[in-house]
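**Student:** The structure that follows is given in the form of C-alpha cells.
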Amino acid sequence: MKTTVFLQEENSGKTHQVDLPCVLGRMKEVDLSIPDPTVSQRHALMSFSEGRVWIEDLHSTNGVFLNGIRILDRTPVKAGDKIVLGHTIFSYVQEEAEPFEKTVVIHSLDHHRESRLDYDRFKLIHEITTQLSENHDIKSLQKNLAARLKEIFHHDRGCLALFQEDGSLKSILSESAMDALPVSSSIVERVFRCKESLVLSDAMEDASLKEQESIISHNIRSALCAPLLYHGRIYGLVYLDRNVPGAYNEQDLEVLRTIALIVAPLVENARLWSELKEHYDQAVSSLRETEAKLIEREREAAYVRLAQAMAHEIRNPLMGIGGLARRMLQSETPCPEQDRLHSILGLAERVEDVLKEVDEFVKLPEPELRMERIDQSIQKCIGEHSQEWNRTRIRPLLEVHTTHLLVPIDSGLFSHAIAMILKEIMPGMPEDSDCRVSIYDRGKEIAIVIGEGGMEKCTGEIYDEEIKRKPWSMGLFLNIAHKIISDHGGRMLFDPHGRSAYPTMITLPRNIRMQSAPDISRRAAIPSLSG
Numbered sequence: 003m004k005t006t007v008f009l010q011e012e013n014s015g016k017t018h019q020v021d022l023p024c025v026l027g028r029m030k031e032v033d034l035s036i037p038d039p040t041v042s043q044r045h046a047l048m049s050f051s052e053g054r055v056w057i058e059d060l061h062s063t064n065g066v067f068l069n070g071i072r073i074l075d076r077t078p079v080k081a082g083d084k085i086v087l088g089h090t091i092f093s094y095v096q097e098e099a100e101p102f103e104k105t106v107v108i109h110s111l112d113h114h115r116e117s118r119l120d121y122d123r124f125k126l127i128h129e130i131t132t133q134l135s136e137n138h139d140i141k142s143l144q145k146n147l148a149a150r151l152k153e154i155f156h157h158d159r160g161c162l163a164l165f166q167e168d169g170s171l172k173s174i175l176s177e178s179a180m181d182a183l184p185v186s187s188s189i190v191e192r193v194f195r196c197k198e199s200l201v202l203s204d205a206m207e208d209a210s211l212k213e214q215e216s217i218i219s220h221n222i223r224s225a226l227c228a229p230l231l232y233h234g235r236i237y238g239l240v241y242l243d244r245n246v247p248g249a250y251n252e253q254d255l256e257v258l259r260t261i262a263l264i265v266a267p268l269v270e271n272a273r274l275w276s277e278l279k280e281h282y283d284q285a286v287s288s289l290r291e292t293e294a295k296l297i298e299r300e301r302e303a304a305y306v307r308l309a310q311a312m313a314h315e316i317r318n319p320l321m322g323i324g325g326l327a328r329r330m331l332q333s334e335t336p337c338p339e340q341d342r343l344h345s346i347l348g349l350a351e352r353v354e355d356v357l358k359e360v361d362e363f364v365k366l367p368e369p370e371l372r373m374e375r376i377d378q379s380i381q382k383c384i385g386e387h388s389q390e391w392n393r394t395r396i397r398p399l400l401e402v403h404t405t406h407l408l409v410p411i412d413s414g415l416f417s418h419a420i421a422m423i424l425k426e427i428m429p430g431m432p433e434d435s436d437c438r439v440s441i442y443d444r445g446k447e448i449a450i451v452i453g454e455g456g457m458e459k460c461t462g463e464i465y466d467e468e469i470k471r472k473p474w475s476m477g478l479f480l481n482i483a484h485k486i487i488s489d490h491g492g493r494m495l496f497d498p499h500g501r502s503a504y505p506t507m508i509t510l511p512r513n514i515r516m517q518s519a520p521d522i523s524r525r526a527a528i529p530s531l532s533g
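Okay, so the sequence shown: first residue is 3 according to my numbering, each after it adds one.
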C-alpha cells in the first residue's frame, strides 16, 4: 500500500506531496529534486515501515538535521518535525493534515514572518558591524549588544566571554546577576573540543547532556553557542540558552555564528588596543613622575644653595666672635668676665659643629645600593658613637624579630642616618636608660623601630600637617636622616601626638626576594661600650 506525506518548504511556503519511499536530493532523477547547491545529489531517504515514517542520511556532505540535531542513523519522523537539508528547511505534515490549498496559504503567511525575522537578523548583524568598526572598546557596546541579542533570540541567559591568561572565562557581556558565568560547562566543553558552533533543540533528548549537572541546575532545554575563532585560535565564546525546548534552529545558529565571526577579530584588536593604551598610560605616568622628581630636585638644589649661603653668612661673624673670645681668654691680663667668655666660646663652637653638619647635609651623595644585612649596619653605627652613649649613659639595645635581614642599602649612608636620629632623640631621654632599636619583618618592607611602641604609634610622616606643627620636626639631624632614608626609597614615621621624635619608625623596601640570614640572637645586647 502506498503511503503519501506532505513536506512544506519554510522559505517559499510551497508544499510537496510525495509517495514513500522517497529519495531527496539535487539530482533531477530523484523522487524530490531540491535546487539547493548545499544539498547532495542523493541526500536523504524517507520511508515507511513498522507503522512509522523514517528518514536516513545517504552519506550526504552537509548531513541531515532533524529538529536541529544531526542524525547518524535511521530516525523516526513525526508531525511538525523540522527537516534541514543544506539550506532547505521542510516541515513534515501527515496525509490527514489540512488540505493542500489551506496549507499553502498558512505557510505563505509564515514566509512573511520568516522574511521579517531574517530582515531583523541581518539588520542586527549590520548594526553590530558598523558599531564595532567605529569603536575599539567592546565593553562600551555591552548594553546595546545585549539588548539587540535579546530582541532577536529571546534567551533566558546569555554572555559573551573571553579567555584569560589563566584559562578562565571572563564575561564582557552578561545579563546574569549570578557571580558565576551563566554557561553550561558541558556545552562549552563540547564546543571547544570540536572547535565548532552548537545548536541544542532539547537537552533532555541528548543522551550525552541530559544527565549533566550544569544542564540540570540551570534548567537548560535549548542553547546556542559559537566560539570566537580567529586565525585558528579560540579567544572566547558567545552563549545563549532558554528553559523551553525547540527554541533555536540552524538559522539561529547561522546568525550567532556570523556575529561571532565579526566579533572575534575585533576582540583581538581590542585587546591589543587595551595593551597599547595601558603602555601609553604607563609611559605618561612615568614621564609625570620624572617631571615631578626633576622639579623636586630643582627645589632641593635651591634649598641647598640657600643653606650654603646661610652657613657662609653665619660662619664669617661666628669665626670673628670665637677668635675674639679665645684671644681674650689667652691674654696675660686677667679678665673679670672669664666665665661669660667661656660660655660664648662654647656656644660658638656648638654653632660651628651645626654648620659642619649643614655642610655635610648639602654634600650628601646619592646612595649606592647593595644587599646588606641591616642589623650589621645598625651595630656598626652604634659602635662608632660609643663615646656619646657613654657620656649620656644611654644604652642602645638591638632587638631582632626577623631572620630576613638582607635589604638594598648604602651601608655608610644608612648608618649615618641612624646616628642622626639617635643624636636627635637621645638628649630628651633620661640618663641611665635603654634605647631599644628593633627590627621587624613587614612583608615587602623591613621596619626599624627606635623606641617603645613605634609599630602602633608611628603613623605620620615629617611633612604631614600634624607633624609639621611640632617644633621638633624642624631638627637638623632629623631632616638629614629623612633625606637619606627618602633617597633609599624608604619612609620615616613619627607619633603625631608625640612631644619629640621618640619613637621613630623607618621602613625600607625589599627589592629582591627575601633571603634568610644565619641564626642570630633574638635579643642582641650591644657589647660594653666603656672600653
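From the three backbone atoms N, C-alpha and C, an ideal C-beta is built for every residue, glycine too.
In this text, all values refer to a predicted model and were calculated from it rather than measured experimentally.
Report, in whole angstroms, the separation of the C-beta atoms of residue 404 and residue 465, which I expect to be a contact under 8 angstroms.
**Tutor:** Wrong, their Cβ atoms sit about 29 angstroms apart, outside the cutoff.
**Student:** In or out: residue 296 buried (at least 16 other Cβ within 10 Å) or exposed?
**Tutor:** Flag for residue 296 reads exposed.
**Student:** In terms of alpha-carbon separation, which member of 433, 492 and 415 lies closest to residue 448?
**Tutor:** Of the listed residues, the one whose Cα sits closest to residue 448 is 492.
**Student:** Just to check my reading of the structure: residue 377 and residue 402 have Cβ atoms closer than 8 angstroms, yes? What is that Cβ distance to the nearest angstrom?
**Tutor:** With 8 angstroms as the limit, residue 377 and residue 402 qualify as a contact, their Cβ atoms being about 6 angstroms apart.
**Student:** Measure how close the beta-carbons of residue 462 and residue 495 come, nearest whole angstrom, since I'm counting them as under 8 angstroms.
**Tutor:** Indeed, because the Cβ distance is near 6 angstroms, the residues count as touching under 8 angstroms.
**Student:** Taking all protein chains shown into account, decide if residue 59 is buried (16 or more other Cβ within 10 angstroms of its Cβ) or exposed.
**Tutor:** Per the 10 Å Cβ criterion, buried.
**Student:** Straight-line CA distance for residue 125 to residue 259?
**Tutor:** For residue 125 and residue 259, the distance between alpha carbons rounds to 15 angstroms.
**Student:** Please report the distance separating the alpha-carbon of residue 77 from that of residue 192.
**Tutor:** Going by the C-alpha atoms only, they are around 23 angstroms apart.
**Student:** Which residue from 323, 207 and 414 puts its Cα closest to that of residue 367?
**Tutor:** Among 323, 207 and 414, the Cα nearest to that of residue 367 belongs to 414.
**Student:** Of the choices 71, 253, 199 and 453, whose alpha-carbon is the least far from that of residue 240?
**Tutor:** Here the closest residue by C-alpha is 199.
**Student:** For residue 109, I'd like the list of residues in its chain whose CB is within less than 6 angstroms of its CB, leaving aside the five on either flank, ordered along the chain.
**Tutor:** Only weak support is given to the placement of residue 109: the predicted model assigns it a pLDDT of 32, under 50, and the value that follows is read from those uncertain coordinates. For residue 109, where only same-chain residues beyond five positions count, the Cβ hits under 6 angstroms are 10 and 15.
**Student:** Do you know whose CA, among 147, 26 and 132, lies nearest residue 90's CA?
**Tutor:** Among 147, 26 and 132, the Cα nearest to that of residue 90 belongs to 26.
**Student:** Between residue 511 and chain B, is any beta-carbon pair separated by less than 8 angstroms?
**Tutor:** Among the chains of the structure shown, chain B does not appear; only one protein chain is present.
**Student:** Does DSSP put residue 509 in a helix, a strand or coil?
**Tutor:** The answer is strand: DSSP assigns residue 509 an E or B state.
**Student:** Strictly by DSSP, which residues pair up with residue 19?
**Tutor:** Partner(s): 8.
**Student:** By Cβ distance, which residues of its chain are closer than 8 angstroms to residue 113, with the 5 residues on each side in sequence left out?
**Tutor:** For residue 113, the pLDDT reaches just 39, beneath the cut-off of 50, and the residue's location in the model is therefore unreliable, leaving the point undetermined.
**Student:** Measure from the alpha carbon of residue 457 to the alpha carbon of each residue in 506, 475 and 435, then state which is nearest.
**Tutor:** Residue 506 is the option with its Cα nearest to residue 457.
**Student:** Use the C-beta contact count for residue 80: other C-beta atoms within 10 angstroms, 16 or more gives buried, fewer gives exposed.
**Tutor:** The residue in question, residue 80, is exposed, as its Cβ has fewer than 16 Cβ neighbours within 10 Å.
**Student:** Is the separation between the beta-carbon of residue 66 and that of residue 46 shorter than 8 angstroms?
**Tutor:** Yes; because the gap between Cβ atoms is below 8 angstroms, this pair is in contact.
**Student:** Below 8 angstroms, can you find three or more Cβ-Cβ pairs linking the segment 473–481 to the segment 378–389?
**Tutor:** Because the criterion of three Cβ pairs below 8 angstroms is not met, the segment 473–481 and the segment 378–389 do not touch.
**Student:** How is the alpha helix (DSSP H) around residue 489 delimited, first residue to last?
**Tutor:** Looking at the DSSP string, the run of the alpha helix (DSSP H) that includes residue 489 is 478–489.
**Student:** Should residue 237 go down as buried or exposed, given a rule of 16 or more other Cβ atoms within 10 Å for buried?
**Tutor:** The residue is buried, with at least 16 neighbouring Cβ atoms inside 10 Å.
**Student:** DSSP on residue 449, reduced to helix/strand/coil?
**Tutor:** Residue 449 falls in the strand class under three-state DSSP.
**Student:** Let me know the secondary structure DSSP gives residue 269 once reduced to three states.
**Tutor:** Residue 269 falls in the helix class under three-state DSSP.
**Student:** Since residue 375 contacts residue 436 with CB under 8 angstroms, what's their CB separation in whole angstroms?
**Tutor:** Wrong, their Cβ atoms sit about 23 angstroms apart, outside the cutoff.
**Student:** If you run the structure through DSSP and keep just helix, strand and coil, what is residue 421?
**Tutor:** Reduced to three states, the DSSP call for residue 421 is helix.
**Student:** Roughly how many angstroms lie between the CA atoms of residue 318 and residue 365, to the nearest whole one?
**Tutor:** Distance between the alpha carbons of residue 318 and residue 365: 20 angstroms.
**Student:** In whole angstroms, what separates the C-alpha of residue 107 from that of residue 24?
**Tutor:** Because the pLDDT at residue 107 is just 29, under 50, the model does not fix this residue reliably, and the value given afterwards should be weighed accordingly. Roughly 25 angstroms between the two C-alpha positions.
**Student:** Please state whether the Cβ-Cβ distance between residue 483 and residue 431 is less than 8 angstroms.
**Tutor:** Against a cut-off of 8 angstroms, the Cβ pair of residue 431 and residue 483 comes out as no contact.
**Student:** Between 82, 158 and 324, which lies nearest to residue 8 when the distance is taken from Cα to Cα?
**Tutor:** For the residues 82, 158 and 324, the minimum Cα distance to residue 8 belongs to 82.
**Student:** Between the alpha carbons of residue 355 and residue 372, how many angstroms are there, rounded?
**Tutor:** Taking the straight line joining both Cα atoms gives about 31 angstroms.
**Student:** Out of 312, 266, 32 and 253, point me to the one whose CA is closest to residue 229's CA.
**Tutor:** Out of 312, 266, 32 and 253, 266 has the C-alpha closest to the C-alpha of residue 229.
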